[in-house]
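One structure is given below, encoded as structure tokens.
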Amino acid sequence: MNAAPLTTRSALIVTSEPALLYCLRFIVHGMGLSVATADDVISAQAQAAAIHPALVLIDLDALGSRGFALCRNLSGMAAARKKSMHLVVLSLRSTAASEAKARAMGAEAVLQKPFDPTALRQQLNQILLGT
Amino acid sequence: MMRLPAPATRGALLVSLLCVAAACATGAAAWFALQPATRDVLVADPRFALLPLLAASSVALIGIGTHHLLRRHVGMVPRLTHALDLLRESNPSLRLTDEAPQEVTRSVNALAEYFQHRLGTVENSIQEATEALERERDLLAALLAQLHEAVLVCGDDARILLYNPVAQDLLSREGYGFVGLGRTVFTVFRRSVIVHCLERLSERQVRGEAAEVRTTISTRDGRFVHARFTPLAQGSLRGFFLSMTPADLPEQDERGPQEAASHTANDAMLRATHARAALALAREHPDLAVEDRVELERIADAETLRLGEDLTTLRRLQKEERRRRWPLEEVPAETLTDALRRRLEPVVEADVTIDIAADVEWMRAESYVLSAGLRFVATRAREQLSATAFHIRLSRFDHDFVALDLQWQGAPIPADLWAAWEEERVQSGDGALPYTLRQVARRQEGESWPLHAPGARWLLASSALPPSAEPPVAGSAAATMQPPARPEFVDFDLYPATGVTDQRERPLRELIYTAFDTETTGLAPDSGDEIIAIGAIRVVQGRILSREVFESLVHSKQPIGIESRRIHGFSPAMLAQAPRAESVLPQFARFCEDTVLLAHNAAFDLRFLERQASPLGIHFDQPVLDTLLLSALLYPEKDGHQLESIAARTGVSVVGRHTALGDAIVTAEIFVRLIPMLEAKGIDTLGEALDACKKTWYARLRY
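From first to last, the protein sequence lines stand for chains G and C. Residue 66 in our numbering sits at position 66 of the first sequence, and the numbers go up by one each step. Position in the second sequence (first residue = 1) + 131 = our numbering.
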């Protein structure tokens, strides 16, 4: 696990939904992470390559198939750099099969919408702490 | 034309010649028997000049007598033969009048009387047997007409042997397939769909499982039906039953998922309204009392929570509805992999190997849809990733899912490429599945994704138990039909055909014809005259199928000639609303697909058809039989080969002439009666009929 304090870490939020972006930024910022955002897959990949965030939140409902591809690409990038990158996807239609797919594509967790902010904060903290 | 006299006439002529010769010889002998002196006296007599005159008049007398005697013999043989042919083949009530000498006429007519009587006796017993058969057929037809399901029975060549009116209503659509006896079911469904289901059927039989396949299939024009395939193996009959209900029929049950969904949507809208009202109140009154503010927040919170619940319910109902419409098949692992392999091998052009883990047994999948997805991925992988050596592997993923992996040698799929594939349709063309690669997986209630190794994975719902024998919910067809007067939608005689595939070699009796006629604005297609009506009827193995007709007016800008108008009675006003040739001709072409065309004076109609259809890329290049040429072939010595004359000769009553359909029906009826006469002339097959027609004089007539 990376021993650096949480404040030096960054998170990347990928969604094209402004309302969701606002809420997520509010939550993640409140956790003490610096926040970068991207509203499409290409800028997300560029940002991730530049800042190598500790946490990436990917909104599958906004990105569709390309969201899964982003997961796989980012997990490949993290593996190549031998650095950890927690990939978390958010989805409204979370079924057993789609969760299996997300994990197969490199996501660490699949969080379901609609979410409760407090619960979401807790889940993300657990992921970052590796518990 | 010079004809050699018949033997009897020749004999008679010979006798008369002999008489003349004998008379001459007697005269000459008498002359030479006289004394020279007596001859001189005679020669000197002024009346001697009358002697040659006397000889000439006796020869003339003999000639007149002979002609009188032989009058009835001249040309008697062809007249008699023709009359006897007619008598035997089509009109047993025909009697001779002045075709032959009285005594011949008498004996022939006596024979004809006897023949007709015997024929009547035979016909009586045939009729009794036929009536018994007809009763059974009526019963079957009544039974079929009562069914709410659409039913097709097809031979093993996929030709329709039986259909019920519901099937015709369900499947026949303007511009698409026609359901009819002898038509192939592939005009309605994609061939690959039917073949796939039949393969599944035979696999089930081989395994000793219940011999039926239930699935949802699409017609060529993109409508979906729930279909049930069962095998047909009765006596010498081989083929399959196909019963169908429309897949998009509204549920009869009033509180079906649709009703519930609309109820829930209403509720969701109410919740959203309440929440927005509460939020607006809070915003507009910043100075609200604390308890009011708390209450408004509570309302907004509670109402949005219910809104979320409503939407979850809606999604569940949607899913239920989809499941009801599209039941997934329960398939055993081997069946699924066999089906997939068979569909894959043609596109990868190599063997596909299979590996099934021991703990994988049954799963739920739509094998046809799934196989389309795999074909799509295999095709793309071959093109874009140089994939070879395809392998299908089934393994357990977890308790609920089975992993179906399509693996290959070559490059793995880049994630972005897969993301692009997922949005593409897996099939194209008419009757193609309307799904993208992603939807293919979703329809299996699973997912699909690219493997790290070269390959892709589909998750399929695992089913713990073999399927129960319970039939799925079936909708009921809306249409109820009165039983038809004549049950023409059954024809097991279509089976078995002689097995000769070349149409030219097939007997005339066995073929399927489209008898058709057109009405036109005039007689000169080259000067711009056009078709204004087309009528057609199908003749299947000698039976005229009155349910299987085509009739359409055709819009025309061309003025209608007075003559033509007098014939068919169409006015420009009647044609103003008619569909254009661009839409009628393609339909007509589909109607007569794979049949032999039949028309009276076909060259005329074809000339018009070709002129108007060629620019649309449509060609009528099927074989054509012409009742005019056939008539000229059968009655070379008769002059009248108009439809009416032939109808009269063959005993066809002419009703509704000069409507395209009316004339097509008369043509069909005439043709059916000509078949035995052609056979009597040794013309049995289509090829022989076409060749013989070509030789007749009328064949040289060109429009």
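Virtual Cβ for every residue (Gly too), placed ideally from N, Cα, C.
Residue i versus residue j - alpha carbon distance
| i | j | result |
| --- | --- | --- |
| S607 (chain C) | A779 (chain C) | Confidence in S607 (chain C) is poor, its pLDDT being 31 and thus under 50, which makes the residue's placement unreliable; the coordinate value appears in the next sentence. Distance between the alpha carbons of S607 (chain C) and A779 (chain C) is about 48 Å. |
| S349 (chain C) | V479 (chain C) | 25 Å |
| I291 (chain C) | V205 (chain C) | 55 Å |
| W539 (chain C) | A550 (chain C) | 19 Å |
| A289 (chain C) | V310 (chain C) | 12 Å |
| A263 (chain C) | P223 (chain C) | 25 Å |
| H530 (chain C) | S594 (chain C) | 10 Å |
| S702 (chain C) | T651 (chain C) | 12 Å |
| T816 (chain C) | R804 (chain C) | 16 Å |
| A791 (chain C) | R141 (chain C) | 51 Å |
| R617 (chain C) | E451 (chain C) | Confidence at R617 (chain C) is low in this model, with a pLDDT of 43, below 50, so its placement is unreliable and no value can be given for it. |
| M808 (chain C) | D216 (chain C) | 8 Å |
| I487 (chain C) | E578 (chain C) | 19 Å |
| G64 (chain G) | M31 (chain G) | 27 Å |
| A153 (chain C) | S784 (chain C) | 58 Å |
| P209 (chain C) | S147 (chain C) | 23 Å |
| Y294 (chain C) | I691 (chain C) | 40 Å |
| A420 (chain C) | R429 (chain C) | 14 Å |
| A520 (chain C) | W580 (chain C) | 20 Å |
Short Cβ contact (8 Å threshold) for residue i with residue j
| i | j | result |
| --- | --- | --- |
| T645 (chain C) | T758 (chain C) | no |
| L218 (chain C) | L225 (chain C) | yes |
| A509 (chain C) | L475 (chain C) | yes |
| F532 (chain C) | L591 (chain C) | yes |
| Q229 (chain C) | R304 (chain C) | The amino acid occupying residue 229 (chain C) in the given sequence is Asp; Gln does not appear at that position. Result no, Cβ atoms of D229 (chain C) and R304 (chain C) do not sit closer than 8 Å. |
| D648 (chain C) | A563 (chain C) | no |
| A413 (chain C) | L436 (chain C) | no |
| A587 (chain C) | I544 (chain C) | yes |
| L12 (chain G) | A38 (chain G) | yes |
| A431 (chain C) | A406 (chain C) | yes |
| G813 (chain C) | E636 (chain C) | no |
| L24 (chain G) | L74 (chain G) | no |
| L582 (chain C) | I523 (chain C) | no |
| F722 (chain C) | L740 (chain C) | no |
| M85 (chain G) | P53 (chain G) | yes |
| C656 (chain C) | R711 (chain C) | Before going further, note that residue 656 (chain C) is Pro rather than Cys in the sequence given. Not in contact: P656 (chain C) and R711 (chain C) (Cβ atoms no closer than 8 Å). |
| L278 (chain C) | V297 (chain C) | yes |
Reduced DSSP category for residue i - H, G, I as helix; E, B as strand; rest coil
| i | result |
| --- | --- |
| R9 (chain G) | coil |
| R524 (chain C) | strand |
| Y22 (chain G) | helix |
| M127 (chain C) | Not covered by the structure: residue 127 (chain C). The range shown for chain C is 132 to 834. |
| P167 (chain C) | helix |
| P53 (chain G) | coil |
| M105 (chain G) | coil |
| H199 (chain C) | helix |
| G782 (chain C) | coil |
| T790 (chain C) | coil |
| S677 (chain C) | strand |
| D352 (chain C) | coil |
| E461 (chain C) | strand |
| S98 (chain G) | helix |
Beta-carbon separation (whole angstroms), residue i vs residue j, contact threshold 8 Å
| i | j | result |
| --- | --- | --- |
| V680 (chain C) | I663 (chain C) | Going by Cβ atoms, the distance from V680 (chain C) to I663 (chain C) rounds to 18 Å, so no, they are not a contact pair. |
| E434 (chain C) | L459 (chain C) | About 37 Å; that fails the 8 Å criterion. |
| A503 (chain C) | Q558 (chain C) | 5 Å |
| V14 (chain G) | D59 (chain G) | 6 Å |
| E576 (chain C) | L568 (chain C) | With 8 Å as the limit, E576 (chain C) and L568 (chain C) do not qualify as a contact, their Cβ atoms being about 16 Å apart. |
| F68 (chain G) | A100 (chain G) | Their Cβ separation, rounded to whole angstroms, is 12 Å, which puts F68 (chain G) and A100 (chain G) out of contact at 8 Å. |
| L128 (chain G) | L55 (chain G) | 6 Å |
| T361 (chain C) | Y499 (chain C) | 18 Å between Cβ atoms; not a contact. |
| A764 (chain C) | A704 (chain C) | Checking the displayed sequence, the identity of residue 764 (chain C) turns out to be Leu instead of Ala. L764 (chain C) to A704 (chain C), Cβ: 42 Å. No contact. |
| M375 (chain C) | A281 (chain C) | 4 Å |
Identify each residue in the region 84 to 116 of chain G for which the Cβ-Cβ distance to at least one residue of chain C is less than 7 Å, and report them in chain order.
-> Residues A96, A97, S98, A100, K101, A104, M105, P114.
Report the residues of the region 428 to 444 of chain C with a CB closer than 7 Å to any CB of chain G, ordered along the chain.
-> Residues of the region 428 to 444 of chain C with a C-beta atom less than 7 Å from some C-beta of chain G are G439, listed in chain order.
Where the region 60 to 71 of chain G meets chain C: residues whose CB sits under 7 Å from a CB there = S65, R66, F68, A69
At a Cβ cut of 7 Å, what residues of the region 535 to 554 of chain C count as close to chain G, listed as they run along the chain?
-> A546, D547, W549, A550, E553, E554
Selection of the region 465 to 489 of chain C by Cβ proximity to chain G, strictly under 9 Å | none
Members of the region 573 to 589 of chain C that neighbour chain G once the beta carbon cut-off is set at 9 Å = R573, Q575, E576, G577, E578, S579, W580, P581, L582, H583, R588
Residues of the region 506 to 533 of chain C with a CB closer than 8 Å to any CB of chain B: list them in chain order, please.
-> Among the protein chains in the structure shown, which are G and C, there is no chain B.
Positions along the region 553 to 572 of chain C whose CB lies within less than 7 Å of some CB in chain G | E553, E554, R569
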